[in-house]
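Novice: The opening residue of the sequence shown carries number 1 in UniProt numbering; numbering runs sequentially from there. For glycine and all other residues, C-beta sits at the position ideal for the given N, C-alpha and C. First, the structure itself, so that you have it in front of you.
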Amino acid sequence: MSRLDQVKEDCQRAAEAIAAALGVEVEVIDLDLVRVAGTGKVRNDVGSRLLRGLVNKHVLKTSQPIFIKEAGYHSICMSCPLTGSCFYKASIVYPIIAEQNVIGTISLIAFSDEQKVTLLTRTESLMEFIGRMADLIAAKVLETEAMTEKMIMASQVNAVMDAVDEGVIAIDSEGVVTHFNLSAERMFNIPKNEILQHNLEEHLAGLPLLSALREPGGFTSRECFVQARGRRLHLLVTARPIMGSDGRPVGVVASARDFKETQKLAYEIMSAQKVFTFDDIIGESRAIKELKARAAKIAGSHSTVLITGESGTGKEIFARAIHAASPRKNKPFVAINCGAIPETLLESELFGYEEGAFTGARKGGKPGKFELANHGTIFLDEIGNMSLYLQAKLLRVLQERQVERVGGNRLIPVDIRIIAATNSNLEEMIAKGRFRDDLYYRLSVIPLYIPPLRERPEDIKLLLEYYREHYNNLLGKNIRGYTSRAERACLAYSWPGNVRELINAVEYAVNLEEGDLIDTGSLPRSVQEGGHRMAEIPGRESRWVTLEQMEKEAIISALEHFGWNEQGKTKAARALGISRATIYRKIAKYNLLPPATREETLTRER
1 MSRLDQVKED CQRAAEAIAA ALGVEVEVID LDLVRVAGTG KVRNDVGSRL LRGLVNKHVL
61 KTSQPIFIKE AGYHSICMSC PLTGSCFYKA SIVYPIIAEQ NVIGTISLIA FSDEQKVTLL
121 TRTESLMEFI GRMADLIAAK VLETEAMTEK MIMASQVNAV MDAVDEGVIA IDSEGVVTHF
181 NLSAERMFNI PKNEILQHNL EEHLAGLPLL SALREPGGFT SRECFVQARG RRLHLLVTAR
241 PIMGSDGRPV GVVASARDFK ETQKLAYEIM SAQKVFTFDD IIGESRAIKE LKARAAKIAG
301 SHSTVLITGE SGTGKEIFAR AIHAASPRKN KPFVAINCGA IPETLLESEL FGYEEGAFTG
361 ARKGGKPGKF ELANHGTIFL DEIGNMSLYL QAKLLRVLQE RQVERVGGNR LIPVDIRIIA
421 ATNSNLEEMI AKGRFRDDLY YRLSVIPLYI PPLRERPEDI KLLLEYYREH YNNLLGKNIR
481 GYTSRAERAC LAYSWPGNVR ELINAVEYAV NLEEGDLIDT GSLPRSVQEG GHRMAEIPGR
541 ESRWVTLEQM EKEAIISALE HFGWNEQGKT KAARALGISR ATIYRKIAKY NLLPPATREE
601 TLTRER
């Protein structure tokens with residue numbers, strides 16, 4: 001579309017008015033020699049291209065008007081096949097110039113002797129007149145283009161505003177709403193067409209946007225309680241004044257976010273960005289000290305690590321601490337839970353995908369977690385939940401240090417350290433054909449086992465105190481400690497959920513407790529019952545024993561059933577729900593001996 005074509009209707013109206021006033025015909029031609037407007041004999045040719053147009057070409061080229069007294073006999077006409085027999089009698093052709101650029105021509109044309117006389121007798125005045133008409137058409141073109149540009153900009157602004165997750169509202173200096181994006185419609189449950197051009201206070205009470213007119217620079221992240229159609233909304237609002245050409249505010253634009261969502265996002269960002277070191281791992285038990293020392297030794301290596309342990313023991317924290325102590329500490333740490341994502345999604349999450357790999361694939365494709373972790377560490381949690389198909393792909397990454405995106409055909413090199421974790425017994429899974437033995441050996445180059453909390457009771461009190469103080473600060477409480485009853489209950493409880501369960505229990509207690517000390521009544525019911533319940537050995541109604549004695553007798557009973565040899569100890573550990581390493585530690589701790597060895601020892605002592 002030519003620039004004149006944008007205003008062709010205006011050109012046609014102007015041509016008809018000029019023709020009626022002067023008694024001659026008018027035509028408007030664009031740079032492509034297409035007739036944009038015309039009257040009289042050329043009216044029906046509007047929209048068609050001139051076959052020759054030599055005079056118009058000359059004016060477009062020179063930017064100068066021209067008066068043809070005898071059409072067909074002018075020097076410009078000499079190369080035209082209609083020389084001497086042109087159907088025009090005479091013409092005045094004037095350039096239309098917009099911002100120093102020629103965009104077309106406007107002509108006064110004589111098709112009859114009477115019209116020719118008009119042009120000949122009034123040449124100077126008509127030349128001046130048609131020049132002004134050319135200027136008016138040029139001004140109309142510039143106005144239309146400016147308006148079009150403003151409309152495009154307005155559409156772009158609206159599109160950007162509607163793409164923003166936050167509610168965006170703009171008002172004028174009188175408080176009348178001028179903009180209201182889609183997120184604002186959803187947040188306040190008010191359709192845009194019901195609030196636009198209405199006073200803000202008619203629909204939203206408590207949104208202090210007019211105050212931003214009086215505050216230099218407006219305000220940032222102000223907590224507000226807004227009434228919207230009977231609902232009370234807790235928001236975080238940022239407002240900025242809109243300044244006019246004279247430097248005075250003419251309105252306000254504001255963004256609003258749900259306060260709870262903002263708080264949640266802040267917690268997530270803080271959690272994601274926190275760097276865990278070995279000093280952040282709480283524990284003074286011998287088992288934890290030895291584990292931290294061993295993990296610190298292997299942190300500088302690039303070898304693959306397999307962390308095993310029950311759910312909630314802190315496998316990811318150990319992985320983050322290893323990364324923080326490694327040469328890769330300033331590079332990415334990327335964590336992914338292989339058990340929380342469906343297999344079809346897990347593959348694209350890990351390996352990424354190319355554009356068009358599947359329905360809904362993002363334009364341009366997407367890098368996977370392996371690529372995002374390049375030069376850093378990737379933590380694969382719950383590796384035991386990975387399908388055999390993905391296990392094979394992971395094995396290839398470990399062997400070749402290359403990944404191939406879903407739907408792609410190129411290998412992308414990656415320099416990553418892999419730390420895997422599981423609470424499953426991978427050896428059992430291998431025996432059942434659910435986990436690849438070659439992958440297991442690749443992953444467990446450096447195995448680390450995190451003992452459960454019940455095996456290191458000396459750490460329980462430290463954890464209780466640390467998280468009491470943590471939630472005191474977070475929740476604005478001033479709880480000084482635990483009653484002796486509550487402490488005994490916590491120390492007697494077996495914590496099947498380990499450190500994660502303990503953290504949740506302390507948060508629960510700090511929320512509920514109204515006194516200075518956490519008492520048993522503020523502890524979760526499971527901890528109360530687990531701490532108070534004593535164990536009675538069957539057949540010994542008058543004897544009550546400690547949990548430690550129960551554990552010792554349970555291990556002896558299992559070993560006497562399965563045998564005291566290596567195979568029997570492995571079966572006993574499995575039956576008791578503990579690892580083989582744990583049963584060996586317990587045997588050493590309680591100095592447990594097979595019956596025959598015990599009898600020999602007693603005989604020698606006698």
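What are the uninterrupted segments assigned as beta strand (DSSP E) that are 3 or more residues long and contained completely in the region 362-403, given in chain order?
Specialist: 377-381
Novice: With a CB to CB cut of under 6 Å and the five nearest residues on each side skipped, what residues in its chain are close to Glu-202?
Specialist: none
Novice: Is it buried or exposed, Met-243, if we count other Cβ atoms within 10 angstroms and call 16 or more buried?
Specialist: Under this definition Met-243 is an exposed residue.
Novice: Are three or more beta carbon pairs between the region 415-422 and the region 452-469 nearer than 8 Å?
Specialist: no
Novice: In terms of DSSP beta bridges, what is Pro-95 paired with?
Specialist: DSSP output for Pro-95 lists Thr-105 as bridge partner(s).
Novice: Answer with buried or exposed for Asp-61, where buried requires no fewer than 16 other C-beta atoms within 10 angstroms of its C-beta.
Specialist: In the sequence as presented, Asp is not what sits at residue 61; that position holds Lys. Note on Lys-61: under 16 other CB atoms within 10 angstroms of its CB, so exposed under the neighbour-count rule.
Novice: With DSSP as the reference, identify every bridge partner of Tyr-449, one or two as the case may be.
Specialist: Thr-308
Novice: When the distance is taken between beta carbons, is His-58 closer than 8 Å to Ile-76?
Specialist: yes
Novice: Is there contact between the region 248-256 and the region 158-171, where contact requires at least three CB pairs shorter than 8 Å?
Specialist: The way I'd put it, the region 248-256 does touch the region 158-171; three or more beta-carbon pairs between them come closer than 8 Å.
Novice: Mind checking which residues open and close the alpha helix (DSSP H) that includes Glu-551?
Specialist: Its alpha helix (DSSP H) spans residues 547-562.
Novice: To the nearest angstrom, report how far apart Met-270 and Ala-581 are at their CA atoms.
Specialist: The predicted model places Met-270 with a pLDDT of 41, which falls under 50 and marks its position as unreliable, so this point remains unresolved.
Novice: Going straight from the alpha carbon of Leu-512 to that of Lys-315, what length do you get?
Specialist: Rounded to whole angstroms, the separation of the alpha carbons of Lys-315 and Leu-512 is 29 Å.
Novice: By the DSSP assignment, the alpha helix (DSSP H) with Arg-456 in it spans what residues?
Specialist: Arg-456 -> no alpha helix (DSSP H), and no H or E assigned at all.
Novice: Quick one: using the 10 Å Cβ neighbour count with 16 as the cut-off for buried, is Phe-225 buried or exposed?
Specialist: exposed
Novice: Would you call the region 369-380 and the region 418-427 in contact, with 3 or more CB pairs under 8 Å?
Specialist: Short answer: they touch.
Novice: Less than 7 Å between C-beta atoms, sequence neighbours within five positions excluded: which residues of the same chain meet that for Ala-335?
Specialist: Contacts found: Glu-316, Phe-379 and Asp-381.
Novice: Distance, Cα to Cα, residue 615 vs Met-151?
Specialist: Here the chain comprises residues numbered 1 to 606, so residue 615 is not present and cannot be evaluated.
Novice: Taking the C-alpha atoms as reference points, what is the distance between Leu-443 and Leu-426?
Specialist: 11 Å
Novice: Given that a residue counts as buried once 16 or more other Cβ atoms are within 10 Å of its Cβ, and exposed if not, what is Asp-279?
Specialist: exposed
Novice: Throw me the rounded Cβ distance for the Gly-368 and Val-403 pair, which I believe falls under 8 Å.
Specialist: 7 Å
Novice: Considering only their Cβ atoms, is the gap separating Ser-494 from Ala-509 smaller than 8 Å?
Specialist: no
Novice: With Val-160 as the anchor, note down where its alpha helix (DSSP H) starts and where it stops.
Specialist: 123-163
Novice: Less than 8 Å between the beta carbons of Leu-395 and Arg-434, yes or no?
Specialist: no
Novice: Measuring only the C-alpha atoms, how far is Thr-570 from Lys-586?
Specialist: Taking the Cα positions, Thr-570 is about 13 Å away from Lys-586.
Novice: Measure the alpha-carbon distance for Ala-575 versus Ala-558 and round it to whole angstroms.
Specialist: 8 Å
Novice: With DSSP run on the structure shown, which of helix, strand or coil describes Arg-543?
Specialist: In this prediction, Arg-543 has a pLDDT of 45, which is less than 50 and means its spatial position is unreliable; what the coordinates show is noted afterwards. If DSSP states are grouped into helix, strand and coil, Arg-543 belongs with coil.
Novice: Taking the beta strand (DSSP E) that Val-237 falls in, what are its first and last residues?
Specialist: Per DSSP, Val-237 belongs to the beta strand (DSSP E) from 231-243.
Novice: Okay, do the region 335-346 and the region 292-303 touch, 3+ Cβ pairs below 8 Å being the bar?
Specialist: no
Novice: Given that a residue counts as buried once 16 or more other Cβ atoms are within 10 Å of its Cβ, and exposed if not, what is Trp-441?
Specialist: Note that residue 441 corresponds to Tyr in the displayed sequence, not to Trp. Exposed is the call here.
Novice: What runs of the beta strand (DSSP E), each 3 residues or longer, lie entirely inside the region 50-81?
Specialist: 66-68
Novice: How about the region 324-334 and the region 347-357: do they share at least three Cβ pairs that are nearer than 8 Å?
Specialist: They do not touch, by the three-pair rule.
Novice: Once the 5 residues before and after Tyr-267 are set aside, which same chain residues still bring their CB inside 7 Å of it?
Specialist: In this predicted model, Tyr-267 has a pLDDT of only 43, less than 50, meaning its place in the structure is not dependable; the value taken from the coordinates is given anyway. The answer is none, since no qualifying residue turns up.
Novice: Which runs of the alpha helix (DSSP H), 4 residues or longer, sit entirely within the region 417-498?
Specialist: The region 417-498 contains these whole alpha helix (DSSP H) runs: 426-431, 437-443, 460-475 and 484-492.
Novice: Under three-state DSSP, which class holds Arg-222?
Specialist: strand
Novice: Does Val-164 pass the burial test, meaning 16 or more other C-beta atoms within 10 Å, or should it be called exposed?
Specialist: exposed
Novice: Please state whether DSSP places Gly-251 in a helix, a strand or coil.
Specialist: Note: Gly-251 maps to strand in three-state DSSP.
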